[in-house]
Each structure stands twice: as C-alpha cells, then as structure tokens.
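Numbering (our numbering), first residue to last: 177 to 262. Notes follow the structure.
Written as structure tokens, this is what we have:
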C-alpha cells in the first residue's frame, strides 16, 4: 500500500518546479543513491541532508529506500515512517 501511494506521490513531485528549477532527473537521483553503500538504508542511526531540495525527488527516493531498508529493524510501518521523517 505504501509503495503504490509513495510512487504516485513521487511521480507528482518529480515534475514539480520544471519551469523554474529543473531539479535532479529521477534516473540520476536513483543512480547517485545506488552508489551509496547498501547497508546505510537499514541503519536507523544514519541521517541524510539534501540541501538543494528543488523538486524533492532525491528526498523522496531517500525516504523510499529507508522505508524499505528499515523494515526488519522497525517492523511497524507507522513507526518506521515516523522514525524516518523525524
């Protein structure tokens, strides 16, 4: 359920700001995040900063990767999302 809702929200945000600020293309954002060590997505002590936050594409991909990666560490979906966003 989260994945489908998240994907539709992500697609909306991925096109925002294209007129003024194109943001990072989603394919590039995915490539950049995939270059990070895979174990960071399952570490609840890691934090992330995305200072450019133009369209939010990188931010939403980070949230998605953490949401999936922390599933074993924080099994409750609401608690996991709260942990990621706060």
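Even for Gly, the Cβ is constructed at its ideal location relative to N, Cα and C.
Three-state secondary structure (DSSP) of residue i
i, result
"residue 261", "helix"
"residue 233", "helix"
"residue 253", "helix"
"residue 207", "helix"
"residue 246", "coil"
"residue 221", "coil"
"residue 226", "coil"
Option in the options with minimal Cα separation from residue i
i, options, result
"residue 207", "254, 238, 255", "238"
"residue 218", "262, 254, 240", "240"
"residue 250", "220, 226, 225", "220"
Nearest-angstrom beta carbon gap, residue j and residue i [assumed within contact, 8 Å]
i, j, result
"residue 260", "residue 243", "6 Å"
"residue 247", "residue 256", "7 Å"
"residue 233", "residue 202", "5 Å"
Chain-order list of residues whose beta-carbon lies under 8 Å from that of residue i (same chain, five-residue window excluded)
i, result
"residue 200", "208, 228, 230, 231, 233, 234"
Contacts around residue i, its chain only, beta-carbon distance under 7 Å, and the 5 residues preceding and following it disregarded
i, result
"residue 204", "none"
"residue 161", "Because residue 161 is not part of the residues shown, which for the chain are 177 to 262, the question remains open."
Same chain, Cβ closer than 6 Å to residue i, five either side skipped, listed in chain order
i, result
"residue 222", "216"
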